[in-house]
Amino acid sequence: MLRGSQWKREVACAARVIALAAFAMATLPTTSYAAEISGRIGAGAGSATMEGALIQAYQNNPQLNAQRSATRATDENVPTALAGYRPRVSGTASLTENYLDTLAKNGTTPQTYTRSQGAVAVSTAGLTATQTLLNGFQTANRTRQAEGLVFASRETLRSTEQTVLLNAATAYMNLLQTAALLELQRSNVNVLEVTLRQTRDRFTAGEVTRTDVAQAESSLAAGRSQLSLAESNYVTAQAQYQQVIGVPAPTRQAPATPVDRLSPRTLDGSIARGRSEHPTILTAMYNVDAAVHQVKIAEGALAPTLAAVGSVQKSFGSTQSLAIIETLNASVAAQLTVPIYQGGAEYSAIRQSKETLGQRRLDLDTARDQVQSSVTQAWGQLDAAKAQINATQAQVTAAEVALNGVREEARVGQRTTLDVLNAQQALVNARSALVTAQRDRVVASYTVLAAVGSLSPQILGLKIPVYDPVDHYQQVRDAWGGVRTPDGR
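First residue of the sequence shown? That's 1257 in our numbering, and the numbers climb one at a time after it.
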């Protein structure tokens, strides 16, 4: 059995190895143990930071980039709708090879007849322009609907940004947690190996039985098994980090701090902000507006349509007479179309759009209830994480004291080797629980911020150019032509 002072040195050495300190730093630790170690873990040059991980995810995440493309595609609905205000111009051209054989009766008496025959090539070119003047305000309603869908798409993009940033923060903390647990298990295996060697020495000296050796061997085997599991979890966390962030996982990480300062101070304030700012609710509101305009569009199909049509046509030759060399025909007309009955499809479309409007209003109610539930749940998780940290910190302190006491008692023969091993495992479990609680503390703070709709690069203060979907919208809204996108593709 180890001497008391030697056991204390072993415990202190193991405590200084584990990456638990990074979490303790991140959650404002109250123990001197955490304060001592926090500056030594993850503070080296080249180590990753939470801010850097969020920036990389904001730039590289394919899900976010795909949603940006979807938002730009939705922007094109507005110029498509505005096209209803603009004239439609089409040109035609034709070339015809024609053969004529004409027999004409003269009006003289006695009557005579004149025959003309021959082949002629007739070429025609024409231009037609149509301008809609009245269509039951369908164009105006389509434009307003398209603009509403653009706003909804922007909120969907903002929701995707929140999801990506939350996943990035979670992936960062998961990697930090699994690294800490891995170092903790390695430290535990080192202590168990020392314990096994000392137990075998005491067995050789006849101070303990074979049972004590077997118990030490069993604990070491269990520790190595937990170490293998921790290594597997760490590799998994690395893969998830690369998937979410878009870059390989770093070898070292700096501590991460909670973002409680950016959230409302009370649950009621969080719920109020969430119901007014969360992108899911705003998306549902814009979808209601779009559904309202869809009803008006469907009703506009029953209104008369008035259009101005102008055309000009130039022909060389004629399919009617060999004597005609060229013809110019120009016209301007007003066309009024009044739908009377077209099978009832328009009425069905109106009823369908009204049912869809009712659905969108119910979706809005559902979104509000969902956001309120998410905020309440996230707030409860944050409170639980804070309480869990205080409890596990006290648990770690008590487990360290208990382990030192059991070892001292074992040294004088009042405790068995199994008691020492059990106390050692209790300390490992307490430290693992503290690691998990501190990870949950940071993740819960980001979850609350996302639940109220405020998890964005601007609010987080990320030093990065923020993607603004308005730029693309303004570039394409009033475009009359062109097939290239604003980025040159």
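We put the beta carbon where it would ideally sit given N, CA and C, even for glycine.
All of these numbers come straight from a predicted model, not from anything done at the bench.
Boundaries for Val1503: no alpha helix (DSSP H) harbours it, and the DSSP string shows neither H nor E there. Closest option to Leu1518, judged by alpha-carbon separation, among Gln1315, Ser1574 and Gly1717: Gly1717. For Ala1654, the three-state secondary structure derived from DSSP is helix. In this structure, the alpha-carbon of Leu1356 lies about 13 Å from that of Thr1370. DSSP, read as helix, strand or coil, puts Asp1357 in strand. Per DSSP, Asn1543 is one residue of the alpha helix (DSSP H) stretching across Pro1535 to Gly1556.
The C-beta separation of Tyr1702 from Leu1690 comes to about 20 Å, leaving the pair out of contact by the 8 Å criterion. Glu1463 sits in coil when the DSSP states are folded into three classes, being neither helix nor strand. Between Gln1433 and Arg1624, the beta carbon gap of about 34 Å keeps them out of contact (Cβ cut-off 8 Å). When DSSP reads this structure, Glu1582 sits in a beta bridge with Phe1572. DSSP, read as helix, strand or coil, puts Gly1566 in strand. In the three-state DSSP reduction, Gln1498 falls in the helix class (H, G or I). For the 9 Å CB-CB criterion, Thr1388 and Leu1613 do not form a contact. The beta-carbon separation of Ala1424 and Leu1310, rounded to 5 Å, stays under the 8 Å limit for a contact. Asn1397 is classed as buried because its beta carbon has at least 16 other beta carbons within 10 Å across all chains shown. Taking all protein chains in view, the Cβ of Trp1736 is surrounded by fewer than 16 other Cβ atoms within 10 Å, so the residue is classified as exposed. Apart from sequence neighbours up to five positions away, the residues of its chain that approach Gly1479 with a beta-carbon distance below 6 Å are Asn1444, Val1445 and Leu1448, ordered along the chain. Put simply, the segment 1314-1323 does not touch the segment 1514-1533. Fewer than three CB pairs are less than 8 Å apart. Pairing Gly1661 with Thr1467, the inter-Cα distance amounts to about 22 Å. Within the same chain, and ignoring the five residues on either side of Thr1352 in sequence, the residues whose Cβ sits closer than 6 Å to its Cβ are Val1378.
The segment 1529-1539 makes no contact with the segment 1317-1337: fewer than 3 CB pairs, one atom from each, lie closer than 8 Å. Short of 6 Å from the beta carbon of Met1306, and not among the five residues preceding or following it, lie these beta carbons of its own chain, in chain order: Tyr1428 and Ala1512. Val1588 sits exposed, since fewer than 16 C-beta atoms from the chains shown fall within 10 Å of its C-beta. Between the segment 1572-1581 and the segment 1629-1637 there are fewer than three inter-stretch CB-CB distances shorter than 8 Å, so the stretches are not counted as touching. Per the C-alpha coordinates, the member of Gln1714, Gln1628, Glu1665 and Gln1681 positioned closest to Ile1527 is Gln1628.
Our two residues, His1728 and Val1739, have alpha carbons roughly 15 Å apart in a direct line. Judged by DSSP secondary structure, Gly1308 falls within the alpha helix (DSSP H) whose first and last residues are Met1306 to Asn1316. With respect to the 9 Å criterion, His1549 and Gly1340 are not classified as neighbours on the basis of their beta carbons.
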